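Visitor: Counting with the working numbering, you get residues -4 to 182 for the letters of the sequence shown.
Positions of the beta carbon are idealized from the N, C-alpha and C atoms, including for glycine.
Quick caveat, the model's predicted, so the values are computed rather than measured.
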Amino acid sequence: SVVTDMKLATIGEHTQHLQSENNNSFKDKLINAVRLALSHVNIDEVPAIGVSSIGPLDIENGMLLNPPDFFDVKNLDIVSTLKDAFMLPVIINNDMNSAALAEQLFGTMRDCKDFLYLGITNGVGAGIVSDGKLFQNCSGLVGELGDGQGEVPRDLSGIDAFVLDARQDADRADFLDGVAHHVERHP
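This is how it looks when you write it as structure tokens:
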């Protein structure tokens, strides 16, 4: 957990190690990490808690759904957990969307209205900014391209195979069609 000012200068932070977690142990560790990070500031001056999380997420309901290879944590209401513990508004988004927003607000994409932030970690995901706004759909899965377990080729030079695999999933197909349309409009 990290507490920053509005210019992203770090004020307080705490690292919480995870082992073989379930929903209850993860919630306890999450609350503890946020509490220790917030101990460096006057909580009355904190406007909100922002959560950047692995996915998949149900952003509308504040839920971490069923991430691959994330212990035994699934269908966890992160937003309510933190709201109840700290009595602050809580905003959640996936890690790639959060990274795209950070790049737009503070990074190299400040002057760019249209870009794709691609992240390759244990899987492949993307944050899409179009016309200066984060592109999301109702599922919250628009940029989730694969979990790194064979769904998406690790060698992205084979883009035809990448597109064919992605078209097996409607959200991924919508995402790729949107990116292709956007690239056609903004070469």
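1. Counting only the same chain and skipping the five closest in sequence on each side, list residues whose C-beta sits under 7 Å from that of residue 32.
2. Taking the alpha-carbon positions, what's the residue 91 to residue 60 distance?
3. Taking the CB atoms as reference points, tell me whether residue 74 and residue 89 lie closer together than 9 Å.
4. Helix, strand or coil for residue 40? Go by DSSP, reduced to three states.
5. Which stretch, first to last residue, makes up the alpha helix (DSSP H) that contains residue 92?
6. Can you tell me whether DSSP reads residue 20 as helix, strand or coil?
7. Within the same chain, show all residues whose beta-carbon is closer than 6 Å to that of residue 113, passing over the 5 residues directly before and after it, in chain order.
8. With a threshold of 7 Å on Cβ separation, who are the neighbours of residue 98 within its own chain once the five nearest residues in sequence on each side are excluded?
9. Short of 8 Å in beta carbon distance, which residues of its chain neighbour residue 54, apart from the five on each side in sequence? Order them along the chain.
10. Using DSSP with H/G/I as helix, E/B as strand and the rest coil, what is residue 6?
11. With distances taken from CA atoms, which of 25, 82, 4, 110 is nearest residue 71?
12. May I ask you to check if the CB of residue 59 is nearer than 8 Å to at least one heavy atom of the ligand FAD?
13. Once the 5 residues before and after residue 11 are set aside, which same chain residues still bring their CB inside 6 Å of it?
14. Looking at residue 2: is its Cβ nearer than 9 Å to the Cβ of residue 65?
15. So which of 96, 137, 4 has the shortest CA-CA distance to residue 127?
16. Relative to the alpha-carbon of residue 109, which residue among 124, 34, 4 has its alpha-carbon at the smallest distance?
Guide: With the structure as the only source:
1. Contacts found: -4, -3, -2, 7, 8, 9.
2. One C-alpha to the other measures close to 16 Å.
3. no
4. helix
5. 90 to 101
6. helix
7. 121
8. 104, 112
9. Result list for residue 54: 87, 88, 89, 131, 135, in chain order.
10. strand
11. 25
12. As for the ligand FAD, it is missing from this structure, which has no ligand bound.
13. 24, 28
14. no
15. Cα-wise, what sits closest to residue 127 is 96.
16. 124
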